[in-house]
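First up is the structure itself, then whatever we jot down about it.
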Amino acid sequence: MRREVDALVVGGGITGLQAAIDLGDQGYQVALVERGASIGGKMIALSKVFPTLDCCSCITTPRMAAAAHHENIQLFTYSEVQTVDHDGAGYVAHIVEKPRYVSIDICTGCRDCEYACDPLARRL
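In this text, residue positions in the sequence shown follow the numbering used here: the first is 11, and each later residue adds one.
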């Protein structure tokens, strides 16, 4: 499937999220590609950041929500950029989406499918 965008941001960590949001707010159509299953990067897993000791989730979560719901940002999670080619008029990026085995259009994040595959995954 071919989609035309103005900018390609590779990496859905805090920097990639902020870059995509800034570009999207300026009216550019942005494709944000993250190789992991979720955006947020490594910062979302930390507790505090130096030197202010601010909460990482408090910094990252609003940006994650803003990017996920932004009208000018298309998220490609669990995906990787294979190649980027110049075609004379611009660039063409080939993005490979890894199989999820669930439909992301109807997924509610309940994790029932994860539990069905691995009963030990359920946490109390």
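C-beta: ideal position from N, C-alpha, C; glycine also.
Since we're looking at a predicted model, the values are computed, not measured.
Just so you know, the alpha carbons of V15 and Y38 end up roughly 8 Å apart. With respect to the 9 Å criterion, R13 and A41 are classified as neighbours on the basis of their beta carbons. A direct Cα-to-Cα measurement between V94 and F86 gives close to 16 Å.
For the pair of segments examined, the segment 29–38 was found not to touch the segment 59–71: the number of CB pairs separated by less than 8 Å stays below three.
Residue pairing of F86 in beta bridges, as defined by DSSP: V43.
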